[in-house]
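Structure first, then comments.
Number of protein chains: 2
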Amino acid sequence: MKPTMSDVARAAGVSAMTVSNALTGRRPVSPATRARVERAAADLGYELNLTARHLRAGRTDTVALVVPHFDHPYYGELAARMGRHLADQGRHLVVEQSGARREAELAAVAPARWQLYDGVLLSAVGTTPDDLAGLHTSVPLVLLGEQQMPARYDHVRMDNVAGARLATRHLLATGSRRVAIVGGADPDRDAGMRTARTLGWTMAHTDTGTAPAPELLVRTGPDLSAGRDAVRRLLSDGTDFDAVFAVTDTLAVGVLAALAEAGRRVPDDVQVVGFDNLASSGFTVPALTTVDPGHEQMAVETLRLLDQVVARAASGEADGRSSGPEHVTAPVRLVVRATTRSA
Amino acid sequence: MKPTMSDVARAAGVSAMTVSNALTGRRPVSPATRARVERAAADLGYELNLTARHLRAGRTDTVALVVPHFDHPYYGELAARMGRHLADQGRHLVVEQSGARREAELAAVAPARWQLYDGVLLSAVGTTPDDLAGLHTSVPLVLLGEQQMPARYDHVRMDNVAGARLATRHLLATGSRRVAIVGGADPDRDAGMRTARTLGWTMAHTDTGTAPAPELLVRTGPDLSAGRDAVRRLLSDGTDFDAVFAVTDTLAVGVLAALAEAGRRVPDDVQVVGFDNLASSGFTVPALTTVDPGHEQMAVETLRLLDQVVARAASGEADGRSSGPEHVTAPVRLVVRATTRSA
DNA sequence: CTGTTAGCGCTTTCAA
DNA sequence: TTGAAAGCGCTAACAG
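Chains as they are written, first to last, in our numbering: chain A, 235 to 577; chain B, 235 to 577.
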């Protein structure tokens, strides 16, 4: 059997309480006692049991971040950034993967898990507002993502419409007239990221008194290959286009690959803009013009809200009115690189 | 106060034990009782406390994977793959980030955390074999990574030397004579991934009865920009080279960016090979030839070893001789794409 | 500075 | 089928 504090206490000839104090330093212990305790602990190979401490303390000093996929660079970068911030504050971050599945997202924020973590950041893509609104408690939960979300939770998002509008406007301002959107969505379907970015694309056209041709809207999957396939399709359909707004940088990489393979020059024949400003986006050939969604602001705001809601929960408030849930939209910014011409 | 099982029991007019049984289904409960319990639980907004269960059960059904950085695609893909496998088996994976720092890696496998997880997969890059060898217990731990590792733990790695040799041999076989290595290391320094891959590069030359010129070895950081900067330096130094072996695909992306910016054609003027076969590597311009390190085999082997060591720990064996630690090297494979000429 | 008591919330006995 | 008691390992709270 694994040795416990009592075992150490017996071996050192002290009480368990003293062992605890000696090991954690929470209360002063005489040097002699501390030495004896440490000796005994080492001899027995004693190891602290954190589950017991958590049960006792009711806190874990750990925050969980639930993302759809570990291997999507956007989420990897998000997790890394969050992890750095939390580590700076001496807290732990653990990341879980939901596979973008509704059940997995719900399981991750299920009541049962709420004692495991002091708070949960959920990057929701598979759940409906109703799913989340149905949760019957005030969990320390902050929502991230571009879906429609229930109003009762704090929520941080990026300004998708403004970003897409900015991107598309830049394409139109630099001489493009037929701007395809790769990864677009029907505006009347879901209210997710794609829909919002499609709306921005449409609005940019409206701004200049035009309207995009319907055949320029290409629906796709989320992966690199989807971006490539979309452009191949456009090309094989003979659709006329002189610019592509890819709704994510990931898709944009596929778009660039397809254009290169078809011998279309970027930006001379076709301009390209992405969205997300991934770390790798400055290193495509040519370097990708994209929309920065305000990564850092989102991270900072998210953690601020988390602290707020955790404090609210700690202070025993069931559904406190001290400060209602906030809904933050981070500001976007266009990053002009080499896949677009200068104005 | 949050309601507990006793609260539910009182409300339902039964014992806590019956609540537990009714809710978990571990033991049969009469339909009428179950209904009353469920009713009471719902009314009170009862939520299971997992920390208590874990303390009691001594297991968490959760495995932790500790990686240096969430935002390095190699680790993101590794985590995603592990997560999928474990989810298929009904177990949880949580991922932590060590920042590649020695203390963080040690903290992640510190005794204190071992009750939190049924097992830990450590992607070690910051620790020395001695650090890990010093751990004084038989933790369910499987090591991943290309460092030297202490023999007492299971360890899964890729065949770096063979892979680098394969890559370089391909470059030499397709007509290149001056093969630069970007991200190389002095063979007599640490025994990490870079050293191994540098060794493979050297061996490929030896295989053909030549030796690489020292100025073709470029030391770099790990990032995209490091790959770009390495090539810029090579170019500005006037070093003659007609191929680049980048020790990671990430560096290779930077290499391609720098070559494009300098107007060197790939593969006509300069051939390029990477290492890791990231998901995005098929979508560079041109598509990157690279070494696949056997991702899937590594994942499968890792989980096999983990199950083994967890079982060993569960069966109370202190340092069981039933089956010693295994050291597995996954086989590599060259993936030829468009940054190299065909033989 | 150190010890005693009690209990975090759940579940494994053992008994009815 | 249900219950009572005991305890997982740790640490507040209250002595001393």
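Glycine included, each C-beta is placed from N, C-alpha and C at the ideal position.
When the options are compared against residue i, the one with the closest alpha-carbon
i, options, result
"R498(B)", "T484(B), D474(B), S514(B) and A269(B)", "D474(B)"
"L278(A)", "T238(A), L312(A) and P302(A)", "T238(A)"
"G292(A)", "A291(B), V297(B), N283(B) and A298(B)", "N283(B)"
"M316(A)", "L355(A), E281(A), D305(A) and D295(A)", "L355(A)"
"S470(A)", "T484(A), G488(A) and A492(A)", "A492(A)"
"G379(B)", "D510(B), D541(B), Q542(B) and T524(B)", "D510(B)"
"R508(B)", "V500(B), G528(B), T484(B) and F517(B)", "Before going further, note that residue 508(B) is Gly rather than Arg in the sequence given. Of the listed residues, the one whose Cα sits closest to G508(B) is T484(B)."
"L568(A)", "V500(A), L512(A), L320(A) and L537(A)", "L512(A)"
"V300(A)", "Q331(A), L350(A), D364(A) and A266(A)", "Q331(A)"
"F517(A)", "D241(A), A385(A), M437(A) and A572(A)", "A572(A)"
"T294(A)", "D476(B), A246(B) and R347(B)", "R347(B)"
"L340(B)", "A321(B), L320(B), A367(B) and H319(B)", "A367(B)"
"P456(B)", "T442(B), A486(B), A447(B) and L450(B)", "A486(B)"
Contact set between residue i and chain B, taken where Cβ atoms lie within less than 7 Å
i, result
"N283(A)", "Q349"
"G317(A)", "F304 and Q331"
"R575(A)", "None at all; the shortest Cβ gap to chain B is about 17 Å."
"L289(A)", "T285, A286 and L289"
Listed by chain order, chain A residues near residue i by CB distance under 9 Å
i, result
"P307(B)", "D305, P307, G310 and S514"
"A321(B)", "Q331, G333 and A338"
CB contact below 8 Å: residue i versus chain A
i, result
"Q382(B)", "no"
"V328(B)", "yes"
"A430(B)", "no"
"A314(B)", "yes"
"A269(B)", "no"
"A250(B)", "no"
"A334(B)", "no"
"S254(B)", "no"
Reduced DSSP category for residue i - H, G, I as helix; E, B as strand; rest coil
i, result
"T436(A)", "helix"
"V248(A)", "coil"
"F479(B)", "strand"
"L378(A)", "strand"
"A269(A)", "helix"
"V416(A)", "strand"
"G360(A)", "coil"
"L512(A)", "coil"
"E330(B)", "strand"
"L522(A)", "coil"
"G353(A)", "strand"
Burial state of residue i, where buried means 16 or more other Cβ atoms lie within 10 Å
i, result
"E337(B)", "exposed"
"Q323(B)", "exposed"
"E311(A)", "buried"
"A275(B)", "buried"
"D502(B)", "exposed"
"S249(B)", "exposed"
"T444(B)", "exposed"
"E281(B)", "buried"
"A552(A)", "Residue placement at A552(A) cannot be trusted, given a pLDDT of 47 that sits under 50; what the coordinates show is reported in the next sentence. So A552(A) counts as exposed."
"D352(A)", "buried"
"T432(B)", "buried"
"D388(B)", "buried"
"D422(B)", "exposed"
"M392(A)", "buried"
"M251(B)", "exposed"
8 Å Cβ cutoff, residue i in contact with chain B
i, result
"Q585(A)", "For chain A, the structure presents residues 235 to 577; residue 585(A) sits outside this window and is missing."
"E530(A)", "no"
"A245(A)", "no"
"L257(A)", "no"
"A494(A)", "yes"
"A491(A)", "yes"
"A480(A)", "no"
"Y275(A)", "The question names Tyr, but residue 275(A) in the sequence shown is Ala. It does not: the Cβ of A275(A) has no partner Cβ on chain B nearer than 8 Å."
Check: residue i C-beta below 7 Å from any heavy atom of the ligand ATP
i, result
"R462(B)", "For the ligand ATP, the structure offers nothing, since it holds no ligand at all."
Partners in chain A for residue i, counting only beta-carbon separations shorter than 8 Å
i, result
"G488(B)", "F517"
"R462(B)", "F517"
"L458(B)", "A513, S514, G516 and F517"
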